[in-house]
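Read top to bottom, the protein sequences are chains A and B.
Heads up, the first sequence is in the working numbering, so the first residue is 29 and it goes up one at a time.
Heads up, the second sequence is in the working numbering, so the first residue is 29 and it goes up one at a time.
The C-beta atom is built at its ideal place from N, Cα and C for all residues, glycine as well.
Protein chains: 2
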Amino acid sequence: MAEAVRDSPVPVPGFRFAGIAAGIKKNGNPDLALLAADGGAAIAGVYTKNRVIAAPVIVAKERARKGRARAVLVNSGCANACTGAPGLEAARRSCAAVAEALGCDAKEIVPASTGVIGALLPAEKIEAAAASLAAALSEGGAADFARAIMTTDQWPKVASTEAGAATVLGIAKGAGMIHPDLATTLAFVATDAAATPSQLRKVLASSVGATFNCISVDGDTSTNDTILLLASGRAKVTEKELEAAVRGVLGALGESIVRDGEGAKHVARIEVSGVANDAQARAIARTIATSPLVKTALHGRDANWGRILAAAGRAGVAFDPSRAEIRIEDEVIVRGGTPVGREAEERAAQHLRGARYTIGVSLGRGKGRAFYLTCDLGPDYVAVNANYRS
Amino acid sequence: MAEAVRDSPVPVPGFRFAGIAAGIKKNGNPDLALLAADGGAAIAGVYTKNRVIAAPVIVAKERARKGRARAVLVNSGCANACTGAPGLEAARRSCAAVAEALGCDAKEIVPASTGVIGALLPAEKIEAAAASLAAALSEGGAADFARAIMTTDQWPKVASTEAGAATVLGIAKGAGMIHPDLATTLAFVATDAAATPSQLRKVLASSVGATFNCISVDGDTSTNDTILLLASGRAKVTEKELEAAVRGVLGALGESIVRDGEGAKHVARIEVSGVANDAQARAIARTIATSPLVKTALHGRDANWGRILAAAGRAGVAFDPSRAEIRIEDEVIVRGGTPVGREAEERAAQHLRGARYTIGVSLGRGKGRAFYLTCDLGPDYVAVNANYRS
């Protein structure tokens with residue numbers, strides 16, 4: 029079992045962090061972050077599945093594939109996506125400037141970017157800031173790093189725990205609606221565990237499947253989504269210990285991202301069961317979790333099970349509606365496909381006043397189950413997204 | 029070619045219409061509508077593809093399948109969905125009461141309902157109102173009918189045209205976001221054309237494919253969606269003439285529904301071309317048309333092509349982003365996958381100030397093309413949907 033997961037940063041032997049303002053964001057907020065593994069680190073990554081891939085992701089995939097890296101360079105304020113050959117050039121030039129400051133090869137620097145799509149990364153600003161960025165590196169700099177990668181985030185997202193003798197520290201950004209959109213998710217996990225790149229890939233794939241892929245942040249959406257796991261190799265742990273810790277850290281980061289959904293007031297866990305298999309349950313959970321009508325009803329604290337059931341009905345999965353049961357926390361509001369009654373709905377609506385609740389949807393006798401985390405959809409989401417570029 | 033389509037009702041030989049208040053809606057607004065073909069009519073229908081099907085749809089399918097009907101009974105204020113056996117019983121009892129008032133068999137009455145899901149249709153209110161409803165029937169009653177089937181609609185939706193010697197009159201309701209939701213679409217088209225049920229089915233299928241299925245109102249969403257086409261058989265026309273007229277009427281009704289999107293300020297036509305086939309183009313057009321991030325950007329009159337391109341990229345269709353071209357009306361803002369520049373975007377943003385505009389997305393050299401109509405997503409959508417049941 030994993031140790032408890034904290035939302036505070038801890039030092040991780042072998043890593044230093046920095047976050048500064050380099051003038052990429054117009055408002056002068058921190059926008060440039062660096063994670064450096066001074067002795068190098070094993071690395072594995074998962075990336076967006078979008079057909080439109082940002083320049084930094086193209087460069088990051090190419091470099092992380094080798095399994096070793098010296099540093100991760102992240103900027104906010106500019107996604108450097110849809111920028112063609114000049115975008116690739118800007119990403120590489122930025123890495124080269126930081127490599128020079130660190131005294132390593134440019135190809136050992138893995139880039140990531142988030143922000144507005146279509147704007148070319150201002151490499152000259154990163155070149156100008158590279159020396160100060162490297163000078164700002166410190167073992168306790170994770171909080172600065174976390175702040176510098178924020179875009180529409182309301183708070184920095186950090187999670188840490190132990191994996192046997194090793195420490196695991198995760199830092200993320202993201203505050204989209206989130207799925208089915210392109211709010212970029214970036215997450216970086218550093219550990220002093222000893223692990224090979226292929227072990228890291230395995231640990232990352234299984235951890236992401238059970239965490240970020242269940243929170244409406246599918247990685248198949250933004251042009252820039254990137255999750256990187258780096259290990260400095262100082263502490264001996266079992267793969268199982270490491271997997272539990274990474275999963276715990278990514279789980280906490282993912283929930284923080286959903287809680288920070290643009291304009292969201294609460295987090296709903298949609299649990300689906302009773303269909304033939306897990307994939308079907310997941311399709312239904314996802315359809316419910318991404319339905320604007322369900323999400324606006326949650327915002328209005330309305331136990332509107334009709335929208336939930338209708339969303340389930342259009343997920344493309346066969347089920348018998350007359351077996352459907354829906355509950356909010358422990359309050360059953362639909363049984364046998366029909367409503368239990370107004371009193372039950374009023375009690376259920378009380379649960380919707382909480383910051384976090386579970387909506388259970390049971391559709392029959394099958395063994396398939398899955399969950400999705402989602403958030404409500406309020407007017408603030410529209411305000412944030414209608415004016416994002418201005 | 030079809031004649032011009034008007035948004036005003038016209039009498040259709042063989043049909044009478046009525047719309048009254050029967051107390052189903054709490055606010056006392058009209059909520060019960062009747063379309064009567066005094067000499068009977070040939071009928072064809074298309075219905076929701078949701079797994080959760082409302083009671084009136086189950087009854088309507090069963091009855092319209094025979095190809096002949098005497099009347100269509102519609103109520104707003106209650107969807108009678110997820111109401112089990114009592115829901116079916118209420119739908120049948122309501123039809124029976126109206127059949128008695130009309131002097132025909134209950135099975136000749138086709139029901140449709142729209143409103144809140146999960147509430148049982150108050151059949152006793154319809155029984156009490158049946159005689160007045162029948163007494164209110166008149167050849168000029170289409171406007172009353174249109175008002176009585178409204179739910180969140182801001183205006184009644186009527187379209188009429190000629191098909192050779194015949195008249196075609198359509199009446200619809202719907203004002204959802206709309207896709208991917210469950211805002212019910214109801215549409216009823218009456219014509220005095222002479223046509224067999226199988227001709228009507230053919231005409232309806234081809235007309236819906238080119239109209240309602242391209243407006244984010246797919247029929248695979250709500251529990252209650254129903255489109256019925258009735259022909260009283262008095263005027264001789266060719267199938268081709270009839271098809272053009274029905275398509276024109278459904279096209280006008282569909283666009284009116286999108287324009288009336290909950291809280292929407294404008295209608296965008298998303299045209300996709302340059303991929304391998306029409307189905308791929310449709311998948312991309314649909315993904316763009318239903319993206320909350322694209323729709324909120326339109327609300328902010330932001331020519332945010334990055335969100336458009338990223339939405340295209342997650343539609344599951346292969347294309348080369350470096351060939352992508354995006355235009356707003358005639359203003360090209362992306363060419364070769366990269367932005368043309370700020371000035372072009374500013375000119376494009378001017379087009380977004382209009383009530384209706386076209387966004388063209390060309391992705392390569394393929395012959396596939398498709399379009400979708402959509403609307404912007406503003407804070408009013410959230411306000412309407414968060415408080416719909418209260």
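Which word fits A:Lys53, buried or exposed, when buried means at least 16 other C-beta atoms lie within 10 angstroms of its C-beta?
Here A:Lys53 is buried, its C-beta having at least 16 other C-beta atoms within 10 Å.
Answer yes or no: do A:Ile154 and A:Ala50 have a C-beta to C-beta separation smaller than 8 Å?
A contact, by the Cβ cut-off of 8 Å.
Can you tell me which of the three DSSP states A:Val286 falls into?
helix
In chain B, what lies closer than 8 Å to A:Ile86 by C-beta?
Those do not exist, as A:Ile86 stays about 11 Å from chain B at its closest Cβ, beyond 8 Å.
At a Cβ threshold of 8 Å, is A:Thr251 touching chain B?
yes
Can you find the residues in the same chain that come closer than 8 Å, C-beta to C-beta, to B:Arg393, ignoring five residues on each side of it along the sequence?
Gly302 and Arg351
B:Pro39 by DSSP, collapsed to three states: which one?
coil
Quick one: Cα of B:Ser418 to Cα of A:Ala292, how far?
Confidence at B:Ser418 is low in this model, with a pLDDT of 43, below 50, so its placement is unreliable and the value that follows should be read with caution. Spanning the two alpha carbons is a distance of roughly 21 Å.
Of all the residues that make up the region 105 to 118 of chain B, which are near chain A by a beta-carbon distance shorter than 7 Å?
Ala109, Cys110, Thr111 and Gly112
Would you tell me roughly how many angstroms separate the C-alpha atoms of B:Ile316 and B:Ala70, rounded to the nearest one?
Straight-line Cα distance between these residues: approximately 38 Å.
Over the uninterrupted alpha helix (DSSP H) stretch that includes A:Thr402, give me the two end residues.
Looking at the DSSP string, A:Thr402 is not in any alpha helix (DSSP H); the run it does join, the beta strand (DSSP E), is Gly394 to Cys403.
Would you call the CB atoms of A:Leu62 and A:Leu161 closer than 8 Å?
Cβ atoms of A:Leu62 and A:Leu161: closer than 8 Å.
Among B:Ala273, B:Gly131, B:Ser141 and B:Asp330, which residue has its Cα nearest to the Cα of B:Thr212?
It is B:Ser141.
If the cut is a Cβ gap below 9 Å, which residues of chain B does A:Trp333 touch?
Cys110, Ile145 and Gly146
Does the region 308 to 326 of chain A come into contact with the region 266 to 284 of chain A, if we say contact requires no fewer than three beta-carbon pairs (one atom in each stretch) closer than 8 Å?
no
With A:Ile285 and A:Lys185 assumed to form a contact (beta carbons below 8 Å), what rounded beta-carbon distance in angstroms separates them?
Between A:Lys185 and A:Ile285 the Cβ distance is about 6 Å, and since that is below 8 Å, they are a contact.
In the DSSP output, which residue or residues are listed as bridge partners for A:Glu357?
According to DSSP, A:Glu357 bridges with nothing at all.
Using the beta-carbon count (16 or more within 10 Å), is B:Trp183 buried or exposed?
exposed
Note down, in chain order, each residue of its chain lying with its Cβ closer than 7 Å to the Cβ of B:Arg44, except the 5 sequence neighbours on either side.
Ala64, Asp66, Leu165, Ser166, Glu167 and Gly169
By the three-class DSSP mapping on this structure, what secondary structure does B:Glu267 have?
helix
Is there a Cβ from chain B that is less than 8 Å from the Cβ of A:Pro39?
It does not; no Cβ of chain B falls within 8 Å.
Name, going along the chain, the residues of the region 365 to 399 of chain B whose beta-carbon falls closer than 8 Å to a beta-carbon of chain A.
Cβ contacts with chain A come from Gly365, Thr366 and Pro367.
Assuming contact is defined by CB atoms lying nearer than 8 Å, are A:Pro37 and A:Ser260 in contact in what I supplied?
no
Determine whether the Cβ of A:Pro150 lies closer than 8 Å to any Cβ atom of chain B.
So, not an interface residue.
For A:Ile387, which residues does DSSP report across the bridge?
A:Ile298 and A:Ile356
Identify, in the order they occur along the chain, each residue of the same chain with its Cβ nearer than 6 Å to the Cβ of B:Thr219, setting aside the five sequence neighbours on each side.
Ala194, Val196 and Ala259
Pull up the CB-CB distance for A:Val389 and A:Ala340, whole angstroms please, since I reckon it's below 8 Å.
6 Å
Give the residues of chain A in contact with B:Phe347, contact being defined as C-beta atoms less than 8 Å apart.
Arg79
Step through the CB atoms of chain C and report whether any lies within less than 8 Å of the CB of A:Leu214.
No chain C is part of this structure, whose protein chains are labelled A and B.
So with CB distances below 9 Å, who are the chain B contacts of A:Pro225?
Per Cβ cutoff of 9 Å: no residues; A:Pro225 is ~28 Å from chain B at best.
Take B:Gly247 and list the residues in its own chain whose beta-carbon comes closer than 8 Å to its own, dropping the five residues that flank it on each side.
Low confidence applies here, because B:Gly247 scores a pLDDT of 40, under 50, leaving its location unreliable and the question unanswered by this model.
Span of the beta strand (DSSP E) holding A:Asp66?
From DSSP, the beta strand (DSSP E) with A:Asp66 extends over Leu60 to Tyr75.
Would you say A:Gly341 reaches chain B, if we count a Cβ-Cβ gap shorter than 8 Å as a contact?
yes
Whole angstroms are fine: how far does the CA of A:Ala223 sit from the CA of A:Ile336?
44 Å
Drop a sphere of 10 angstroms on the beta-carbon of A:Arg381, count the other beta-carbons inside from all chains shown, and report buried for 16 or more, exposed for fewer.
exposed
Just the C-alpha distance for A:Ser226 and A:Gly95, rounded to the nearest angstrom, thanks.
8 Å
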